[in-house]
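Undergrad: The structure is given below, and queries will be raised subsequently.
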Amino acid sequence: MNESSNTATRNSRDKILNTVHGNQPAPRELPPLPEGTPVAPGDLAPTFITALEAIGATAYIVSGFDRIATMLHEQFPGARRIVTGCPQLNAFAEAAAAAKGLDPHLLENVELAILPAHFGVAENGACWITETQMVERALPFIAQRLVLVIPHSSIVPNMHAAYDRIAALEAEAPANTYGFSTFIAGPSKTADIEQSLVLGAHGPISLTVFLLDEELSDAGYF
Amino acid sequence: MSGSNQKPLEVPEQSEGNEQGSPQWGEPKLSSDRTDFNALPEFAKLPKANSRHKQDHAALAAEFNKDEPRVDWHDETLWWVRQKRDKAAARVPEWELLRDTASRIKDNVLSNLSGYLRQFEEEATRNGITVHWAADANEHNEIVLSILSRHKIDKMVKSKSMLTEECHLNEFLHEKGIDVVDTDLGERVVQLAGEPPSHIVLPCIHLKKQEIGEIFHEHLGTPKGNADPQFLTHAARLHLREKFLTRRVALTGVNFAVAETGEFVVCTNEGNADMGAHLADVHIASMGIEKLIPQRRHLGVFLRLLTRSATGQPITTYSSHFRRPRQGQEMHIVLVDNGRSVHLGRKDFRNSLKCIRCAACFNTCPVYRRSGGHSYHTAVAGPIGSILSPNLDMKKYADLPFASTLCGSCSNVCPVKIDIHEQLYKWRQVIVQEGYAAAGKTAVMKTMNWVLSHPGVYHTAGKTGRWFMLNAPFTVKNGFNTWYRQRDMPTPPKQSFGDWYKKNKK
Numbered sequence: 108m109n110e111s112s113n114t115a116t117r118n119s120r121d122k123i124l125n126t127v128h129g130n131q132p133a134p135r136e137l138p139p140l141p142e143g144t145p146v147a148p149g150d151l152a153p154t155f156i157t158a159l160e161a162i163g164a165t166a167y168i169v170s171g172f173d174r175i176a177t178m179l180h181e182q183f184p185g186a187r188r189i190v191t192g193c194p195q196l197n198a199f200a201e202a203a204a205a206a207k208g209l210d211p212h213l214l215e216n217v218e219l220a221i222l223p224a225h226f227g228v229a230e231n232g233a234c235w236i237t238e239t240q241m242v243e244r245a246l247p248f249i250a251q252r253l254v255l256v257i258p259h260s261s262i263v264p265n266m267h268a269a270y271d272r273i274a275a276l277e278a279e280a281p282a283n284t285y286g287f288s289t290f291i292a293g294p295s296k297t298a299d300i301e302q303s304l305v306l307g308a309h310g311p312i313s314l315t316v317f318l319l320d321e322e323l324s325d326a327g328y329f
Numbered sequence: 040m041s042g043s044n045q046k047p048l049e050v051p052e053q054s055e056g057n058e059q060g061s062p063q064w065g066e067p068k069l070s071s072d073r074t075d076f077n078a079l080p081e082f083a084k085l086p087k088a089n090s091r092h093k094q095d096h097a098a099l100a101a102e103f104n105k106d107e108p109r110v111d112w113h114d115e116t117l118w119w120v121r122q123k124r125d126k127a128a129a130r131v132p133e134w135e136l137l138r139d140t141a142s143r144i145k146d147n148v149l150s151n152l153s154g155y156l157r158q159f160e161e162e163a164t165r166n167g168i169t170v171h172w173a174a175d176a177n178e179h180n181e182i183v184l185s186i187l188s189r190h191k192i193d194k195m196v197k198s199k200s201m202l203t204e205e206c207h208l209n210e211f212l213h214e215k216g217i218d219v220v221d222t223d224l225g226e227r228v229v230q231l232a233g234e235p236p237s238h239i240v241l242p243c244i245h246l247k248k249q250e251i252g253e254i255f256h257e258h259l260g261t262p263k264g265n266a267d268p269q270f271l272t273h274a275a276r277l278h279l280r281e282k283f284l285t286r287r288v289a290l291t292g293v294n295f296a297v298a299e300t301g302e303f304v305v306c307t308n309e310g311n312a313d314m315g316a317h318l319a320d321v322h323i324a325s326m327g328i329e330k331l332i333p334q335r336r337h338l339g340v341f342l343r344l345l346t347r348s349a350t351g352q353p354i355t356t357y358s359s360h361f362r363r364p365r366q367g368q369e370m371h372i373v374l375v376d377n378g379r380s381v382h383l384g385r386k387d388f389r390n391s392l393k394c395i396r397c398a399a400c401f402n403t404c405p406v407y408r409r410s411g412g413h414s415y416h417t418a419v420a421g422p423i424g425s426i427l428s429p430n431l432d433m434k435k436y437a438d439l440p441f442a443s444t445l446c447g448s449c450s451n452v453c454p455v456k457i458d459i460h461e462q463l464y465k466w467r468q469v470i471v472q473e474g475y476a477a478a479g480k481t482a483v484m485k486t487m488n489w490v491l492s493h494p495g496v497y498h499t500a501g502k503t504g505r506w507f508m509l510n511a512p513f514t515v516k517n518g519f520n521t522w523y524r525q526r527d528m529p530t531p532p533k534q535s536f537g538d539w540y541k542k543n544k545k
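Below is the structure:
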């Protein structure tokens, strides 16, 4: 900004703040936040999976990364460029280290991105994924298809619990203090033309979520 | 929609498509010269609404009402969206508690807005975001232009932002030679059609798929007569992907900004805000000063309410939290007042600043559903637009608070419990007192006031009216009687209640 526009902005800032201050009503206290009715007692995964399927995504409970690799081979046989943020899948795909720091435009031809996410939300099927898990901010959006991997035990009931969990994650490790983060709930979609739902607007045309349960036997996935 | 979503979308090859490079995932290449703004400057012409301003809501609604099947279709489509909202709300047992909590959080925001604005500025600046302040629409537009000029950039992508509609940013930038591409599918459709959005969540809800097919045929080169939503959406995906990859500046709106952390949240289903922002060197986010919330955990309340109220979805596909620019990127936030700080001082009307732009009040409104968004001749139409707009320009929008039946359905569905129908009623009184009511309306009101305050005149007028309605019905059943235009006149009683009472009291 040059100096004159800086001054103009400063003048507007003071003018706006003064008018707002003069016109705002007497202080009102913040209300307590609801905890929300738990969506289902016990294991939240079935509710989460139902929510995901309702928004056009697919979900599987799996026993380990070997199982994920096998299933991805079966489901995406033709994918030419695959990038993963899961080190366990490095043999299967381009590792995060290779893609990190690239000009994001060079990710344009990624056909499949496989990324870890922190947790899922049972009430709406959303997964919380922070910047460090995305390899590049653009990747979960620019890839033609997206796969997310979350711990089976990570599902929280609702958005109130989700924000409690986000705060806890940040308290646990400074690396979780994101510069960018997002909830992803399903494939990108639009219904702008006569309210007809179409999957694959600008982002991925499909979303698959793996709920990883290392305690399951190999035969335990579905 | 039919068809499996697991397979690549099959789109027939375009005859005009360029052949370079092998199309991936079955995607056709569209001829790029068909989408060049500079070659087709009429794309970005001033929205037709500018010329419509001379007509009021009633006149514009009458125009919309000429095509009765279209009105029915529009009405039913929006009612269907309203029903989806009802189902989504019913699945949340604490829905009413959520609405109440959201409304009270916003009460707190409005009561300490200056404090939260300062806190947000401090935190956002600490995060490496450049914060700008714009007193009005013009200053907002100049700030955006100055950022573009500094980088010597004349093309940008923009995701949905009702604020930039309010500020007429596209027209302003077009005049300065800047090419703006709206990337939300619905907004792109109306931009190509040279129209403003008719709905804040569903921008092209007034258009039929055949019309959209025609617009795409003309501007994007899709085959004539193809009106399949899946095909058209895919064509737009290809057309806009090229824009995302080549534009260095992206402007987005803001759904919520958090004072505590200096971050802001942008919600989309399409992913267009993210595609724009993460590929651009410069991200500009424009927000009205009322979009602040105190703490991040308050997002839990608002994100649960927003999309359920808007479309009946449990949440948007993407709820993106922007806190710091990515390495090497510039991030700007423009905080826009444009009348909001004055509005805050209007006790009866300040609650409308709680609005989170879900459009539930549009979808439920019997007037909106049957008059169409363009009849409101303002960026934010519907019941909420009718109470926000008079604050900006009471004379220009004096007709809008009258575009309502005062049925109260808008207030019933509002996720932040704005007393919309009460404010509509109050605006009517302010507008009449300030002398902005339509001349005919004012004359009728004055006459009625005189008649009702003179019992003798009232008695005679009643008698005369009954006589004419009985003996000369054509004197009231004609085009000059505005009441008669949409209503049948009642059969007059033989005597007034006054006469009946006199006769029977003994």
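So the sequences go chain by chain: E and S. First residue of the first sequence: 108, per my numbering; consecutive thereafter. First residue of the second sequence: 40, per my numbering; consecutive thereafter. Even for Gly, the Cβ is constructed at its ideal location relative to N, Cα and C. Just so we're clear, the structure is a prediction, and the values are computed from it rather than from any experiment.
(1) Give me the DSSP bridge partner(s) of E/SER303.
(2) Does the Cβ of S/TRP466 have 16 or more other Cβ atoms within 10 Å, making it buried, or fewer, making it exposed?
(3) Could you check the C-alpha separation between S/SER61 and E/SER313 for me, to the nearest Å?
(4) Taking the C-alpha atoms as reference points, what is the distance between S/ASN294 and S/ASN520?
(5) Taking 8 Å as the threshold, find out whether the region 167-177 of chain S comes into contact with the region 488-498 of chain S through three or more Cβ pairs.
(6) Whose Cβ in chain A lies nearer than 8 Å to the Cβ of E/PRO141?
(7) Since E/VAL254 meets chain S, which of its residues come closer than 8 Å, beta carbon to beta carbon?
(8) Identify each residue in the region 343-357 of chain S for which the Cβ-Cβ distance to at least one residue of chain E is less than 8 Å, and report them in chain order.
(9) Can you list the residues of chain S that E/VAL316 reaches, using a CB-CB cut of under 7 Å?
(10) Going residue by residue through the region 185-232 of chain E, where are the continuous alpha helix (DSSP H) segments of at least 4 residues, counting only ones entirely within it?
(11) Locate the alpha helix (DSSP H) running through S/GLU135, then write down its first and last residues.
(12) Are there 16 or more other CB atoms within 10 angstroms of the CB of S/THR300, so buried, or fewer, so exposed?
(13) Whose CA, out of E/SER119, E/LEU140, E/SER170, E/HIS128, lies closest to the CA of E/PHE317?
(14) E/LEU137 touches chain S at which residues, Cβ-Cβ below 7 Å?
(15) Write down every uninterrupted run of the alpha helix (DSSP H) in the region 482-530 of chain S whose length is 4 residues or greater and which is fully enclosed by it, in chain order.
(16) Taking C-beta pairs closer than 7 Å, name the residues in chain E that S/PHE361 reaches, listed in chain order.
(17) Give a yes or no on whether the minimum CB-CB distance between S/ASN308 and chain E is below 8 Å.
(18) Less than 7 Å between C-beta atoms, sequence neighbours within five positions excluded: which residues of the same chain meet that for S/LYS545?
(19) From S/MET195 to S/THR272, what distance separates their C-alpha atoms?
(20) Would you be able to state if there are at least three C-beta pairs under 8 Å between the region 427-446 of chain S and the region 352-370 of chain S?
(21) In angstroms, rounded to a whole number, what distance separates the CA positions of E/GLY149 and E/ARG252?
(22) Quick one: which residues of the region 264-298 of chain E get their C-beta closer than 9 Å to a C-beta of chain S? List them in chain order.
(23) Name the chain S residues that come within less than 7 Å of E/LYS122, Cβ to Cβ?
(24) Please list the terminal residues of the continuous beta strand (DSSP E) segment that includes S/LYS248.
(25) Which value, in whole angstroms, describes the spacing of the CA atoms of S/PHE388 and S/CYS449?
(26) Using a Cβ-Cβ cut-off of 8 Å, state whether S/HIS190 counts as contacting chain E.
(27) Quick check: the region 340-348 of chain S against the region 318-325 of chain S, are at least 3 beta-carbon pairs closer than 8 Å?
(28) Taking Cβ to Cβ, would you say S/ILE470 is nearer than 8 Å to S/ALA478?
(29) Please list the terminal residues of the continuous alpha helix (DSSP H) segment that includes S/ALA312.
(30) Check E/MET266 in the structure and name its three-state DSSP category.
(31) In the DSSP assignment, the beta strand (DSSP E) including S/HIS322 goes from what residue to what residue?
(32) Indicate whether E/ASP121 and S/PRO242 have their beta-carbon atoms separated by less than 8 Å.
(33) Please name the residue, chosen from S/ASP527, S/ASN510, S/SER535, that lies closest to S/ALA500 on a Cα-to-Cα basis.
(34) Using only the alpha-carbon positions, how far apart do E/LEU255 and S/THR285 sit?
(35) Between S/LYS456 and S/SER150, how many whole angstroms is the CB-CB distance? I'm expecting something under 8 Å.
(36) Starting from E/ALA205, find everything on chain S with Cβ-Cβ shorter than 7 Å and list it in chain order.
TA: On the basis of the coordinates in this document:
(1) Taking the first sequence and counting its residues from 1, one reaches residue 303 of chain E at position 196. Beta bridge pairing from DSSP links E/SER303 with no other residue.
(2) On the second sequence, residue 466 of chain S is found 427 positions in, with the first residue counted as 1. With at least 16 other beta carbons inside 10 angstroms of its own, S/TRP466 counts as buried.
(3) On the second sequence, position 22 is the one that residue 61 of chain S refers to. On the first sequence, position 206 is the one that residue 313 of chain E refers to. At S/SER61, the pLDDT of 33 sits below 50, so the modelled position is not reliable; the number obtained from the coordinates is stated separately. About 22 Å.
(4) Position 255 of the second sequence, counted from the first residue, corresponds to residue 294 of chain S. Position 481 of the second sequence, counted from the first residue, corresponds to residue 520 of chain S. In a straight line, the C-alpha of S/ASN294 is about 46 Å away from that of S/ASN520.
(5) No, the region 167-177 of chain S does not touch the region 488-498 of chain S.
(6) Annotation note: the requested chain A is absent from the structure, which comprises protein chains E and S.
(7) On the first sequence, residue 254 of chain E is found 147 positions in, with the first residue counted as 1. Neighbours of E/VAL254 on chain S: none; closest Cβ ~13 Å, over 8 Å.
(8) Hits within the stretch, in order: ARG343, THR350, GLN352, PRO353, ILE354, THR355, THR356, TYR357.
(9) Looking up residue 316 of chain E in the first sequence gives position 209. At a beta-carbon threshold of 7 Å, none of the residues of chain S lie near E/VAL316; the nearest stands roughly 13 Å away.
(10) List check, alpha helix (DSSP H) in window: 203-206.
(11) Numbered from its first residue, the second sequence carries residue 135 of chain S at position 96. Looking at the DSSP string, the run of the alpha helix (DSSP H) that includes S/GLU135 is 134-150.
(12) Position 261 of the second sequence, counted from the first residue, corresponds to residue 300 of chain S. Buried is the call here.
(13) Here residue 317 of chain E corresponds to residue number 210 of the first sequence, with the count starting at 1. Checking every option, the nearest Cα to that of E/PHE317 belongs to E/SER170.
(14) Numbered from 1 along the first sequence, position 30 holds the residue referred to as residue 137 of chain E. Close partners of E/LEU137 in chain S (Cβ separation under 7 Å): ILE144, ASN147, PRO333.
(15) Taken in chain order, the complete alpha helix (DSSP H) segments of 4 or more residues contained in the region 482-530 of chain S are 494-510.
(16) Here the question's residue 361 of chain S lines up with position 322 in the second sequence. Per Cβ cutoff of 7 Å: PHE287.
(17) Within the second sequence, the letter at position 269 stands for residue 308 of chain S. Using beta-carbon distances, S/ASN308 counts as an interface residue toward chain E, with a partner under 8 Å.
(18) Counting from one through the second sequence, the residue named residue 545 of chain S turns up at place 506. Answer for S/LYS545: no residue qualifies.
(19) In the second sequence, counting from the first residue as 1, residue 195 of chain S sits at position 156. In the second sequence, counting from the first residue as 1, residue 272 of chain S sits at position 233. Straight-line measurement puts the Cα of S/THR272 at about 21 Å from the Cα of S/MET195.
(20) When Cβ pairs closer than 8 Å are counted between the two stretches, the region 352-370 of chain S is seen not to touch the region 427-446 of chain S, the count staying below three.
(21) Indexing the first sequence from 1 puts residue 149 of chain E at position 42. Indexing the first sequence from 1 puts residue 252 of chain E at position 145. Each residue's Cα considered, the two are about 32 Å apart.
(22) Among the residues of the region 264-298 of chain E, those with a Cβ less than 9 Å away from any Cβ of chain S are ASN265, MET266, HIS267, ALA268, ALA269, TYR270, ASP271, ILE273, ALA274, THR284, TYR285, GLY286, PHE287, SER288, THR289, PHE290, ILE291, ALA292, GLY293, PRO294, SER295, LYS296, THR297, ALA298, in the order of the chain.
(23) In the first sequence, the residue the question calls residue 122 of chain E occupies position 15. The answer, in chain order, is ALA174.
(24) The residue labelled residue 248 of chain S in the question sits at position 209 within the second sequence. Run containing S/LYS248: none in the beta strand (DSSP E); it sits in the alpha helix (DSSP H), 248-259.
(25) Reading the second sequence from its first residue, position 349 is the one you call residue 388 of chain S. Reading the second sequence from its first residue, position 410 is the one you call residue 449 of chain S. Annotation: S/PHE388 to S/CYS449 spans about 15 Å, alpha carbon to alpha carbon.
(26) Here residue 190 of chain S is taken as the residue at index 151 of the second sequence, counted from 1. It does not; no Cβ of chain E falls within 8 Å.
(27) Three or more beta-carbon pairs separated by less than 8 Å are not found between the region 318-325 of chain S and the region 340-348 of chain S, which leaves the two stretches without contact.
(28) Start at 1 with the first residue of the second sequence, and residue 470 of chain S comes out as number 431. Start at 1 with the first residue of the second sequence, and residue 478 of chain S comes out as number 439. The answer is no: Cβ separation not under 8 Å.
(29) On the second sequence, residue 312 of chain S is found 273 positions in, with the first residue counted as 1. Start and end: 311-318.
(30) Position 159 of the first sequence holds residue 266 of chain E. E/MET266: helix per DSSP, three-state reduction.
(31) As a working mapping, residue 322 of chain S is identified with position 283 in the second sequence. Bounds of the beta strand (DSSP E) holding S/HIS322 are 321-327.
(32) Locating residue 121 of chain E in the first sequence gives position 14, counting from the first residue. Locating residue 242 of chain S in the second sequence gives position 203, counting from the first residue. Not in contact: E/ASP121 and S/PRO242 (Cβ atoms no closer than 8 Å).
(33) Taking the second sequence and counting its residues from 1, the one referred to as residue 500 of chain S is at position 461. When each option's Cα is compared against that of S/ALA500, the closest is S/SER535.
(34) Working through the first sequence from its first residue, we reach residue 255 of chain E at position 148. Working through the second sequence from its first residue, we reach residue 285 of chain S at position 246. Between the C-alpha atoms of E/LEU255 and S/THR285 there is a straight-line separation of about 28 Å.
(35) Translated into the one-based positions of the second sequence, residue 456 of chain S becomes position 417. Translated into the one-based positions of the second sequence, residue 150 of chain S becomes position 111. A Cβ-Cβ separation of about 16 Å leaves S/LYS456 out of contact with S/SER150 under the 8 Å criterion.
(36) Numbered from its first residue, the first sequence carries residue 205 of chain E at position 98. Result: empty, since nearest Cβ-Cβ is about 17 Å, beyond 7 Å.
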